[in-house]
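For the sequence shown, my numbering begins at 5 and goes up steadily by one.
Using N, Cα and C, we set each Cβ at its ideal position, and we do this for glycine too.
This report refers to the structure that appears directly beneath it.
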Amino acid sequence: MLDGRLALLTPEGIRLSLTPAGPVRRAFAWTIDFVLWLIAVFVIAIAIRFAMGDSNLGEGLFLVVLFLSYWGYPILCEVYAGGKTLGKRWMGLEVVREDGLPVGWRESSLRNLLLVADFLPMMYATGLLCMLFDHRFRRLGDLVAGTLVIYSPKTRARKAAQSGEAHPLPFPLTPEQQRALIDLVERAEHLPPSRCLELADLAEPLTGLRGEASLARLRAYVAGLTR
Numbered sequence: 005m006l007d008g009r010l011a012l013l014t015p016e017g018i019r020l021s022l023t024p025a026g027p028v029r030r031a032f033a034w035t036i037d038f039v040l041w042l043i044a045v046f047v048i049a050i051a052i053r054f055a056m057g058d059s060n061l062g063e064g065l066f067l068v069v070l071f072l073s074y075w076g077y078p079i080l081c082e083v084y085a086g087g088k089t090l091g092k093r094w095m096g097l098e099v100v101r102e103d104g105l106p107v108g109w110r111e112s113s114l115r116n117l118l119l120v121a122d123f124l125p126m127m128y129a130t131g132l133l134c135m136l137f138d139h140r141f142r143r144l145g146d147l148v149a150g151t152l153v154i155y156s157p158k159t160r161a162r163k164a165a166q167s168g169e170a171h172p173l174p175f176p177l178t179p180e181q182q183r184a185l186i187d188l189v190e191r192a193e194h195l196p197p198s199r200c201l202e203l204a205d206l207a208e209p210l211t212g213l214r215g216e217a218s219l220a221r222l223r224a225y226v227a228g229l230t231r
């Protein structure tokens with residue numbers, strides 16, 4: 005895996021290509037989350053102090069909120085927000101299970117509760133060592149929970165194939181073959197010209213032509229399919 009990607013096959017037969025995130029990007033995401041949490045805690049502390057003063061009830065309530073927010077924030081985000089805390093969303097990361105499926109309560113709770121173990125002996129030294137020695141950059145919590153932190157796949161709007169003179173297909177194609185033909189023409193403008201001509205030559209059994217003429221005929225086929 006020279007490009008660092010993982011090829012996984014889901015139980016439904018869908019092939020996924022995932023790219024594990026390294027320690028640096030994850031550290032930035034954690035820093036963003038921690039700063040946001042500190043700001044929220046500061047605001048909550050002022051609100052409780054203003055409402056209850058210096059009472060023991062106010063101090064106890066603040067400690068409860070402190071505990072629940074620190075542990076609950078990442079778990080709730082990972083379960084209900086597609087595996088992304090605000091920091092991970094900012095850095096383009098997300099948490100998934102090892103099979104590529106979304107994390108649940110069990111996985112998210114385990115990986116976040118084991119942050120304490122990853123922090124030891126100080127400044128997440130254990131977690132950093134685990135990531136450096138694991139080809140998927142998993143920290144201790146990820147290993148126990150069976151999770152991965154990956155780069156979020158970016159969905160880009162695909163341009164429709166250029167319209168032009170339509171030409172009927174010389175013989176019927178299956179839906180899969182028609183989809184492959186449309187995909188080829190839609191993506192042709194993003195491929196090197198030499199690669200486009202090579203693919204056009206491979207389509208000679210369909211077009212009866214080669215080179216630019218074959219590529220133009222493929223565009224005409226797609227224009228007829230997409231009208």
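P172 is not a Cβ neighbour of G212, given a cutoff of 8 Å.
Shown here, S59 sits in coil according to DSSP, grouped into three states, outside any helix or strand.
Annotation for T211: the continuous alpha helix (DSSP H) segment containing it runs 208-211. Taking a cut-off of 8 Å for Cβ pairs, the segment 37-47 and the segment 64-79 touch, as three or more such pairs fall below it.
Taking the C-beta atoms as reference points, L117 is found no nearer than 8 Å to D37.
Within the segment 122-192, the complete beta strand (DSSP E) runs of at least 3 residues fall at 151-155. Rounded to whole angstroms, the separation of the alpha carbons of V83 and I52 is 29 Å.
In the DSSP assignment, V99 falls outside any alpha helix (DSSP H) and within the unbroken beta strand (DSSP E) covering 97-101.
Shown here, P78 sits in a helix according to DSSP, grouped into three states. Cα atoms of R93 and V28: separation of roughly 15 Å, rounded to the nearest angstrom.
Around the beta carbon of D146, a 10 Å sphere encloses 16 or more other beta carbons of the protein chains shown; the residue is thus reported as buried.
Annotated three-state conformation of L20 is strand, per DSSP. With fewer than 16 neighbouring CB atoms inside 10 Å of its own CB, I50 falls in the exposed class. The way I'd put it, the segment 219-228 does touch the segment 183-202; three or more beta-carbon pairs between them come closer than 8 Å. Between F141 and A25, the C-beta gap is smaller than 8 Å, which places the two residues in contact. For P27, the three-state secondary structure derived from DSSP is helix. Taking C-beta separations shorter than 7 Å and ignoring five residues to either side along the sequence, the partners of G104 in its chain run L12, T14, L20, L22, following chain order.
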